[in-house]
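Inspection log for the structure reproduced underneath, given as structure tokens.
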Amino acid sequence: MKKFFMLLSLAFIANLSINSQTFNPAPEGFDVSGDGIKHGKIDTIQYYSATVGVNRKALVYTPRGYSKSKKYPVLYLLHGIGGDEKEWLIQGKPQVILDNLYAAKKVAPMIVVLPNGRAMKDDRAVGNIYDGVKVQAFATFEKDLINDLIPSIEKKYPVFKDREHRAIAGLSMGGGQSLNFGLGNLDKFAWIGGFSSAPNTKTPQELVPDPAKTKKMLKLLWISCGDKDNLITYSQRTHDYLNANQIPHIYQVIPGGHHDFKVWKQNLYMFSQTLFKPVDASIIAHYSNAPLTDNTAASAIPASTNIPGMQYPEVLPDNRAFFRIKAPQANKVQIDLGKKYDMEKEEDGSWIVTTEPLVEGFHYYSIIIDGVAVADPASQTFYGMGRMASGIEIPEKGVDYYLAKNVPHGQIRQVRYYSDVTKSMRRAFVYTPAGYDANSSVRYPVLYLQHGAGEDETGWSNQGKVDYILDNLIAEGKAKPMLVVMDKGYAVDPDAPKNENTQGIRGLMQNKALEQVFIKEIIPTIDKEFRTIPDRDHRAMAGLSMGGFQTFQITLSNLDKFAYIGGFSGGGMLQQVQDFSKLYNGALADANEFNQKVKLVYLSIGTAEPEQMYRTVNNFHKELEKAGIKHVYYESPGTSHEWLTWRRSLNQFAGLIFK
-12 MKKFFMLLSL AFIANLSINS QTFNPAPEGF DVSGDGIKHG KIDTIQYYSA TVGVNRKALV
48 YTPRGYSKSK KYPVLYLLHG IGGDEKEWLI QGKPQVILDN LYAAKKVAPM IVVLPNGRAM
108 KDDRAVGNIY DGVKVQAFAT FEKDLINDLI PSIEKKYPVF KDREHRAIAG LSMGGGQSLN
168 FGLGNLDKFA WIGGFSSAPN TKTPQELVPD PAKTKKMLKL LWISCGDKDN LITYSQRTHD
228 YLNANQIPHI YQVIPGGHHD FKVWKQNLYM FSQTLFKPVD ASIIAHYSNA PLTDNTAASA
288 IPASTNIPGM QYPEVLPDNR AFFRIKAPQA NKVQIDLGKK YDMEKEEDGS WIVTTEPLVE
348 GFHYYSIIID GVAVADPASQ TFYGMGRMAS GIEIPEKGVD YYLAKNVPHG QIRQVRYYSD
408 VTKSMRRAFV YTPAGYDANS SVRYPVLYLQ HGAGEDETGW SNQGKVDYIL DNLIAEGKAK
468 PMLVVMDKGY AVDPDAPKNE NTQGIRGLMQ NKALEQVFIK EIIPTIDKEF RTIPDRDHRA
528 MAGLSMGGFQ TFQITLSNLD KFAYIGGFSG GGMLQQVQDF SKLYNGALAD ANEFNQKVKL
588 VYLSIGTAEP EQMYRTVNNF HKELEKAGIK HVYYESPGTS HEWLTWRRSL NQFAGLIFK
């Protein structure tokens, strides 16, 4: 259970590029035909090119199990300046690489077209391959590809004909073609890859004249090169421009890589696994590998979560984090951010490491010194992961809804009370909006806001920035002034009999003792101590993860107390039931009655959440739809089970309630 809660509490990896020391090459044998696996088929086809005025050849790979009754996406895979349609087949072994990936169920079924990218009547790779006429033929191929080859493939093979199911990639001269043609025809291609792209690659400004449009239309842009390749400057300049314009992409620099098929085969192995599947920031981060440069180091800034005056950890422009820890007597030091990073020892006894890019937002982390996890003395600490841990904030670009602004500010107040249910003292934190003490005649609605597993009642104010979010919303007139109550999400009745229903994960998320604490103690205490409007129409409850499940359990069992319900990465229906209407003692049975009584049901989930969590919340959303229960459903793009998902959700939810 501890491992489960740690996974739910940790943020997941995301964004643009990775430090070279974390690069993982393709596994040994990835390009060797496996024993006992089924194979795809390579065919040679001819098509008439009106562009060139002759019949031209291309190779076509169809996957194992290919059927004319199915439809397939297509990858157009281009060769280099000295090759032709057979170059990939002879030297790159794409059929072997893809056969192995199909056997391992790592790629989506696709057709791969290997054309001759030299669009001229005599398109053989003979004579002076650098002759101006032959070089120009590579540019002419754009017209041949769009007007002749693609229509021919779509006529001869059962393929999808939309841009979302069409990819283009290539090596060297073909890499330049892929970037030029793909980015120049975003109505035709949504997946683009340039492997060691050659000098024929257009300037970044020509490739991406409209960054906003490019960002909107791309599914995936992959740029890669070996660090020993003399042509790397063309990939680097494109990467730098994309970074400057905040266009997500994979930039992979292969350590020790030259301008050869050893690099390009790895490119195909990895690139093909990303195609025609959902792509989020964690996928981009997994495959990216951008070495730290002097310019990048110069623009690093201390994390805002550092203790004042402490330089490290630093946040780099591409969202990597640089850590330096002084531990001269240690034998091994790691940074644990959910993924562990081995640190390197410097002569002065300091240990350093640069992570891969991190998702924007808040992350827990620990230092592991010779196997013992400790907090970073240079960082503020936060209760998460079931203990005190360090934290690092990666600034979210282009937003300020959870930052301190020059607006009237509320206060976070502490309330202690004795619980007859748990036979113990308990603590709650209460946000009071700006002006609460100035006018004693004003009464306020109340939002009860719950934390997640492994965290406590300090989570929303420390990690969640609840006060800044509410301050800013209220100042902008986007939310009603309200009280926000944050109590501990754990409660045990020492007199209650121990049974399976009160143990484990379900016992925490459907905690009857906590429900009794809320109904009999927390709500009456808040209504007594603060100027509330003490009726259901002015009372809301929401929570993240575990707190979201608790919210649905408590509110749906007490609809006489709550009119607004919110679950952030948490909802209802933990158990499999045949009859949805019987959940929560039939609270959802009559949709019309429920919709009249409950003013808002809100559900949210991050698009990069762990599969089981995403499926649980999304399935509950679908069941609500089928049952006719009105609700708001939001998916936070690119975020996982982490505070950025929940900050975004609170920002939306708080703006919808009490109106």
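Residue numbers (the numbering used here): -12 to 646. A virtual CB, placed ideally from N, CA and C, is assigned to each residue, including glycine.
Taking the DSSP output, what are the residues bridged to residue i?
| i | result |
| --- | --- |
| His66 | Its beta-bridge partners do not exist; DSSP assigns none. |
| Val262 | The question names Val, but residue 262 in the sequence shown is Leu. Paired residues: none, contrary to the question. |
| Asn276 | Gln239 |
| Ala529 | Leu436, Gly553 |
| Trp338 | Ile312, Lys332 |
| Gln450 | DSSP lists no partner for Gln450. |
| Ala287 | None, per the DSSP bridge assignment. |
| Asp323 | Lys327, Ser353 |
| Thr512 | For Thr512, which the question treats as bridged, DSSP gives no partner whatsoever. |
| Glu301 | Pro289, Phe309 |
| Ile399 | Tyr418 |
| Arg374 | Gly371 |
| Ser427 | Ser427 is not bridged to any residue. |
| Trp75 | According to DSSP, Trp75 bridges with nothing at all. |
| Ala360 | Ile355 |
| Pro102 | Ala45 |
| Trp633 | None, per the DSSP bridge assignment. |
| Val471 | Tyr418, Leu434 |
| Met412 | Tyr405 |
By the 10 Å Cβ neighbour count, where 16 or more other Cβ atoms means buried, how is residue i classified, buried or exposed?
| i | result |
| --- | --- |
| Gln33 | exposed |
| Ile98 | buried |
| Gln233 | exposed |
| Leu734 | Nothing can be reported for residue 734, as the shown portion of the chain is limited to -12 through 646. |
| Ile77 | exposed |
| Ser4 | Confidence in Ser4 is poor, its pLDDT being 35 and thus under 50, which makes the residue's placement too unreliable to answer from. |
| Ile0 | The predicted position of Ile0 is uncertain, since its pLDDT is 29 and thus under 50; no value can be drawn from it. |
| Val359 | exposed |
| Ile24 | exposed |
| Thr632 | buried |
| Ala391 | exposed |
| Met330 | buried |
| Asn6 | Any reading at Asn6 needs caution, since the residue's pLDDT is 38, under 50, leaving its predicted position unreliable; the model's value is listed next. The residue in question, Asn6, is buried, as its Cβ has 16 or more Cβ neighbours within 10 Å. |
| Glu74 | buried |
| Ile294 | exposed |
| Ala91 | exposed |
| Gly52 | exposed |
| Gly61 | This sequence places Val at residue 61; Gly is not what is there. Under this definition Val61 is a buried residue. |
| Asn254 | buried |
| Arg634 | buried |
| Lys121 | buried |
| Ser211 | buried |
| Gln664 | Here the chain comprises residues numbered -12 to 646, so residue 664 is not present and cannot be evaluated. |
| Asn498 | buried |
On the premise that residue j lies in contact with residue i, defined as a C-beta separation below 8 angstroms, what is that separation, rounded to the nearest angstrom?
| i | j | result |
| --- | --- | --- |
| Tyr221 | Ser165 | Wrong, their Cβ atoms sit about 13 angstroms apart, outside the cutoff. |
| Leu434 | Ile644 | 7 angstroms |
| Glu141 | Leu101 | The pair is not a contact, with the Cβ atoms about 17 angstroms apart (cut-off 8 angstroms). |
| Ile288 | Ile237 | About 25 angstroms separates the two Cβ atoms, so there is no contact after all. |
| His654 | Leu543 | This structure does not reach residue 654, given that the chain is present from -12 up to 646, and the question cannot be answered. |
| Phe182 | Gly157 | 7 angstroms |
| Thr603 | Pro624 | That belief does not hold up - the Cβ atoms of Thr603 and Pro624 are roughly 19 angstroms apart, past 8 angstroms. |
| Asn276 | Leu460 | Asn276 to Leu460, Cβ: 40 angstroms. No contact. |
| Lys44 | Val146 | Rounded, the Cβ-Cβ distance is 19 angstroms, inconsistent with contact. |
| Asp214 | Gly243 | 7 angstroms |
| Ile68 | Ile116 | 6 angstroms |
| Gln537 | Gly476 | 6 angstroms |
| Arg150 | Phe176 | 6 angstroms |
| Ala578 | Gly615 | 4 angstroms |
| Glu333 | Ile339 | 6 angstroms |
Are there any heavy atoms of the ligand SAM lying less than 8 angstroms away from the beta-carbon of residue i, as far as the coordinates show?
| i | result |
| --- | --- |
| Ala578 | As for the ligand SAM, it is missing from this structure, which has no ligand bound. |
Notebook entry, point to check: With a cut-off of 8 angstroms, do at least 3 Cβ pairs link the stretch 472 to 479 to the stretch 367 to 380?
Noted result: no
Item checked: Complete beta strand (DSSP E) runs within the stretch 16 to 70 (minimum length 3 residues, chain order) -> 28 to 36, 41 to 49, 61 to 65
Notebook entry, point to check: How about the stretch 318 to 325 and the stretch 349 to 357: do they share at least three Cβ pairs that are nearer than 8 angstroms?
Noted result: yes
Next item on the list: Inspect the CB distances between the stretch 419 to 429 and the stretch 390 to 397 and report whether three or more fall short of 8 angstroms.
Entry: yes
Checklist line | beta strand (DSSP E) runs wholly inside the stretch 594 to 630, at least 3 long, in chain order | finding: 619 to 623
Next item on the list: Starting from the N-terminal side, write out each stretch of the alpha helix (DSSP H) that is 4 residues or longer and does not extend beyond the stretch 134 to 176.
Entry: 137 to 143, 160 to 171
Check: At a cut of 8 angstroms, does the stretch 11 to 23 reach the stretch 105 to 123 through at least three beta carbon pairs?
Finding: no
Next item on the list: Please list the segments of the alpha helix (DSSP H) lying wholly inside the stretch 201 to 238, counting only runs of 4 or more residues, in order along the chain.
Entry: 219 to 231
Next item on the list: Specify whether the stretch 551 to 560 and the stretch 575 to 594 touch according to this definition: at least 3 beta carbon pairs, one from each stretch, less than 8 angstroms apart.
Entry: yes
Notebook entry, point to check: Is the stretch 400 to 409 touching the stretch 505 to 518 in the sense that three or more CB pairs, one from each, lie closer than 8 angstroms?
Noted result: yes
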